[in-house]
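Counting in numbering that gives the first Met the number 0, the sequence shown runs from 0 upward without gaps.
Encoded as structure tokens, the structure appears first; notes follow it.
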Amino acid sequence: MKISSCRASFSKILHEAQKVVVITGAGVSAESNIPTFRGAGGYWRRYEATSLATPGAFRSNPSLVWEFYHYRRELSKNLSMEIRDDFFLITTNSDGLHQRAGNKNVLELHGALYNVKCTVCSYKGINNDSPIVTALEGKGGPDANQTPAMIPIKDLPACPECGGLLRPDIVWFGENLDHGAIEKASKKAEEADLVIIVGTTSVVYPAAMIAPNAANRGVPVAEFNIEHSNHTSEFQFHFQGPSGTTLPKMLGFQELLQ
Numbered sequence: 000m001k002i003s004s005c006r007a008s009f010s011k012i013l014h015e016a017q018k019v020v021v022i023t024g025a026g027v028s029a030e031s032n033i034p035t036f037r038g039a040g041g042y043w044r045r046y047e048a049t050s051l052a053t054p055g056a057f058r059s060n061p062s063l064v065w066e067f068y069h070y071r072r073e074l075s076k077n078l079s080m081e082i083r084d085d086f087f088l089i090t091t092n093s094d095g096l097h098q099r100a101g102n103k104n105v106l107e108l109h110g111a112l113y114n115v116k117c118t119v120c121s122y123k124g125i126n127n128d129s130p131i132v133t134a135l136e137g138k139g140g141p142d143a144n145q146t147p148a149m150i151p152i153k154d155l156p157a158c159p160e161c162g163g164l165l166r167p168d169i170v171w172f173g174e175n176l177d178h179g180a181i182e183k184a185s186k187k188a189e190e191a192d193l194v195i196i197v198g199t200t201s202v203v204y205p206a207a208m209i210a211p212n213a214a215n216r217g218v219p220v221a222e223f224n225i226e227h228s229n230h231t232s233e234f235q236f237h238f239q240g241p242s243g244t245t246l247p248k249m250l251g252f253q254e255l256l257q
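Here it is as structure tokens:
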């Protein structure tokens, strides 16, 4: 497929589309100064972020992992992005930026920073407290020389139903995504008149295949990213550069961001 960066062609499809699906990735968070799990932002203190976002890390040192997620919760709580609420949004981010923008049609494939679940019973809930527990107040600083807090388990977030240890309700590395969520995302994309991908290099599977599968069914897909992805050649449009710059420049897209 010949890839286009024609503003007029994209604008025509956008304005005629009745069902628009937007898929966002780490690039959106990065432009809001939230560190990602890859590249220069892939470290917290001296730890690779990917090494802390695992079930094994939480079992070995729940205090350290909660410090890391407390840092991310505090970093993202005051951020927002301006965007309308007339499309369906699928995201692999967990920072809640889209909800703070007022978007109600959000499917978070990898979970959410402010969601928690019990490691003992079946409790799941939302906790927006800042900090989530007193013991984490002032903790979580990213400086490489920061000493781990070593918070006792009894002082970490606890389940309101059974008292068990809570963990972030996020899909960690080594865990499976919810099959139902992937199916819903795929169905939405394949039924869309237009799919817009923003800030993702399409390397996290199976989520990376949602847009290509839709494209293979004939759905126009427009990719906004700082670089080509593994699937760029399968899409109708590609607009290269920071999404915060390229999106508003597209004819008609300024309205979509207001």
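Every residue, glycine too, gets a C-beta built ideally from N, C-alpha and C.
Close beta carbons around residue i, own chain, < 8 Å, minus the five adjacent residues each side
i: Asn212; result: Ser185, Ala188 and Glu189
i: Leu250; result: Its pLDDT being 44, under 50, Leu250 is placed unreliably in this model, and the value from its coordinates should be taken loosely. Counting only Cβ-Cβ distances below 8 Å, and skipping sequence neighbours, we find Arg6, Ala7, Phe9 and Ser10.
i: Ile150; result: Ser62, Trp65, Glu66, Ala134, Leu135 and Lys138
i: Asn60; result: Pro147
i: Cys161; result: Cys117, Val119, Cys120 and Tyr122
Unbroken beta strand (DSSP E) run spanning residue i, endpoints
i: Glu107; result: Val105 to Glu107
i: His237; result: Phe236 to Gln239
i: Leu165; result: Leu165 to Ile169
i: Ile196; result: Leu193 to Val197
i: Ala221; result: Val220 to Asn224
i: Asn114; result: Gly110 to Cys117
i: Leu88; result: Phe87 to Thr90
i: Ile209; result: Unbroken run through Ile209 is the alpha helix (DSSP H), Ile209 to Asn215; no beta strand (DSSP E).
i: Thr23; result: Val19 to Thr23
i: Gly124; result: Lys123 to Ile125
Endpoints, alpha helix (DSSP H) assigned at residue i
i: Glu189; result: His178 to Glu189
i: Ile2; result: Note, Ile2: premise wrong, no alpha helix (DSSP H); not H, not E.
i: Pro54; result: Pro54 to Ser59
i: Ala48; result: Ala48 to Leu51
Straight-line Cα distance separating residue j from residue i
i: Lys1; j: Ile169; result: 38 Å
i: Leu112; j: Leu193; result: 29 Å
i: Tyr122; j: Gly110; result: 15 Å
i: Asn144; j: Ile181; result: 40 Å
i: Tyr46; j: Pro147; result: 12 Å
i: Ala207; j: Ile12; result: 23 Å
i: Trp171; j: Asp177; result: 12 Å
i: Ser242; j: Ile196; result: 10 Å
i: Gly41; j: Asn215; result: 33 Å
i: Glu15; j: Ile22; result: 19 Å
i: Val220; j: Pro159; result: 44 Å
i: Asp154; j: Trp43; result: 22 Å
i: Gly163; j: Gly95; result: 25 Å
i: Ile152; j: Glu222; result: 44 Å
i: Thr245; j: Thr231; result: 16 Å
i: Ala260; j: Arg71; result: Because residue 260 is not part of the residues shown, which for the chain are 0 to 257, the question remains open.
i: Asn127; j: His97; result: 15 Å
i: Gly55; j: Gly179; result: 25 Å
Residues near residue i by beta carbon distance below 7 Å, same chain, minus five either side
i: Phe57; result: Val64 and Arg166
i: Ser3; result: Gln235 and Phe236
i: Ala191; result: Lys18, Val19, Val20, Ala213 and Val218
i: Gly240; result: Ile225
Residue i vs residue j beta-carbon contact at 8 Å
i: Phe87; j: Val20; result: yes
i: Asn114; j: Ile131; result: no
i: Ser129; j: Lys183; result: no
i: Gly173; j: Thr91; result: no
i: Ser107; j: Ser93; result: Sequence check: residue 107 is Glu here, not Ser. In contact: Glu107 and Ser93 (Cβ atoms closer than 8 Å).
Other residues of its chain near residue i: CB distance less than 6 Å, five sequence neighbours each side excluded
i: Lys205; result: Here residue 205 is Pro; the residue named in the question, Lys, does not match the sequence. Ile181.
i: Pro156; result: Ile131, Val132 and Leu165
i: Ile89; result: Ile22, Leu106 and Ala184
i: Asn175; result: none
Kindly confirm or deny that the stretch 221-236 and the stretch 8-26 touch, where touching means at least three C-beta pairs closer than 8 Å.
With a cut-off of 8 Å, the stretch 8-26 and the stretch 221-236 count as touching, because enough Cβ pairs lie within range.
Any 3 or more C-beta pairs closer than 8 Å across the stretch 133-140 and the stretch 59-72: The stretch 133-140 makes contact with the stretch 59-72, as at least three CB pairs between them are under 8 Å.
Decide if the stretch 219-231 is in contact with the stretch 191-207; the criterion is three or more beta carbon pairs, one per stretch, under 8 Å apart.
-> At 8 Å Cβ cutoff, the stretches touch.
Between the stretch 39-51 and the stretch 117-126, do three or more beta carbon pairs fall short of 8 Å? Contact between the stretch 39-51 and the stretch 117-126 is absent: fewer than three C-beta pairs spanning the two stretches fall below 8 Å.
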